[in-house]
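Quick notes on the structure that follows.
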Amino acid sequence: MTGTERTSAQTFWDAAVDIISVTEKHPFLVAMVDGTLPMENFKYYVIQDALYLADFAASLRLLSENKGVSVADSDRLQQFAQGAEDAELALHKSFFREWGIATDGVEQMPNCLLYTSYMMRVIATRPHAEGLAVLLPCFWVYMHVGQAMLKLRADLGDSVTRPAVFDAWIDMYGGEDFAKEVLEYIAMVNAACTDPSADVLKMKEHFIMCCKLEHMFWDQAGSLMQWPKFLATEETDS
4 MTGTERTSAQ TFWDAAVDII SVTEKHPFLV AMVDGTLPME NFKYYVIQDA LYLADFAASL
64 RLLSENKGVS VADSDRLQQF AQGAEDAELA LHKSFFREWG IATDGVEQMP NCLLYTSYMM
124 RVIATRPHAE GLAVLLPCFW VYMHVGQAML KLRADLGDSV TRPAVFDAWI DMYGGEDFAK
184 EVLEYIAMVN AACTDPSADV LKMKEHFIMC CKLEHMFWDQ AGSLMQWPKF LATEETDS
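Going by the numbering used here, the sequence shown opens with residue 4, and the numbers climb by one from there.
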């Protein structure tokens with residue numbers, strides 16, 4: 004095993020804990036719980052997240068097809084991909100129906116594209132174990148912030164109100180079904196760490212990078228980030 008004799012997914016988490024501790028208190032997430040998040044920002048986030056999830060599911064399927072992956076792991080990765088589409092994307096699409104909008108013709112905004120491009124590059128060009136690690140923050144950080152948001156919601160009680168769509172999101176990512184999937188994926192990463200050929204330092208590097216990108220994804224939604232407008236300027240005679 005490259006870089007260390009005993010490594011598990013927990014060591015990746017420990018290396019990124021400062022980033023994660025800030026992310027769990029991200030103003031976007033806190034505003035969801037206390038009901039002060041503008042619906043415009045939430046709609047923006049959900050649309051971008053739907054675009055992200057499409058690439059995330061595709062990435063899981065690519066991992067399932069890697070040479071040397073056991074039949075059991077391949078099947079489970081396919082199930083994770085299906086779960087992302089059936090549960091998470093289904094929730095997003097229910098919001099779209101309620102709002103009367105769609106993702107047709109919508110492009111990934113800068114931080115979303117940065118995240119998906121990094122993720123898919125690692126999966127396409129690096130060994131299987133690193134591909135597993137690069138997807139781990141999307142599972143684990145979402146479970147963590149979902150559970151933190153459940154606690155904050157309980158602490159606030161009836162002192163605040165929030166749109167039902169906020170509660171539906173919190174319930175999904177803070178719920179037991181999602182936690183069960185996350186723990187299964189963590190176990191898969193732990194098993195990959197025991198492979199003598201696994202470069203656990205690179206795995207940790209990808210994990211930390213994607214924890215940063217998770218935070219930046221919510222930054223993007225908080226600011227309603229857009230691509231710069233490139234306007235041609237007319238040349239003037241001197």
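Glycine included, every Cβ here is placed at the ideal spot set by N, Cα and C.
Note that the coordinates shown come from a computational prediction; the quantities given were computed from them, not determined experimentally.
In the three-state reduction of the DSSP assignment, Asp107 falls in the coil class. In the DSSP assignment, Thr119 falls within the unbroken alpha helix (DSSP H) covering 113–128.
Exposed is the label assigned to Met42, since fewer than 16 other Cβ atoms lie within 10 Å of its Cβ.
The beta carbon of Ile126 lies closer than 7 Å to those of Ser62, Leu65, Leu66, Gly134, Val137 in the same chain, with the five residues before and after it left out. Look at the beta carbons and you see the region 213–223 touching the region 11–28: at least three pairs across the two are nearer than 8 Å.
In the assembly as shown, Asp52 is a buried residue. Its beta-carbon has 16 or more other beta-carbons within 10 Å. With a threshold of 16 other beta carbon atoms within 10 Å, Lys207 meets it and is buried.
Taken in chain order, the complete alpha helix (DSSP H) segments of 4 or more residues contained in the region 7–53 are 12–26, 30–37.
DSSP places Ala157 in the uninterrupted alpha helix (DSSP H) bounded by 131–159. Leu40 and Phe31 have their alpha carbons spaced roughly 7 Å apart. By the Cβ criterion, the region 110–119 is in contact with the region 224–238, since at least three pairs of Cβ atoms, one from each stretch, lie closer than 8 Å. Between the alpha carbons of Ala201 and Ala171 lies a distance of about 38 Å. Bridge partners of Asp180 according to DSSP: none are assigned. In terms of CA proximity to Ala182, Val144 leads the group Met219, Val144, His209. Excluding residues up to 5 positions away in sequence, Asp37, Gly38 lie with their Cβ nearer than 7 Å to the Cβ of Val163 in the same chain. Collapsing the DSSP output to three states places Asp198 in coil. Separation of Thr197 and Asn69 (C-alpha to C-alpha, rounded to the nearest whole angstrom) is 18 Å. The C-beta separation of Val185 from Glu27 comes to about 15 Å, leaving the pair out of contact by the 8 Å criterion. CA-CA distance, Leu155 to Leu234, rounds to 45 Å. Following the DSSP letters along the chain, one finds Phe233 in no alpha helix (DSSP H), marked with neither H nor E.
Judged by DSSP secondary structure, Arg100 falls within the alpha helix (DSSP H) whose first and last residues are 92–102. Here Ser67 carries a helix assignment [DSSP, helix/strand/coil]. When DSSP states are grouped into helix, strand and coil, Ser73 belongs to the coil group. Minimum Cα-Cα distance from His131 among the listed residues Thr119, Ile173, Pro199, Gln111 corresponds to Pro199. Put simply, the backbone Cα of Phe99 is about 15 Å away from that of Asp89.
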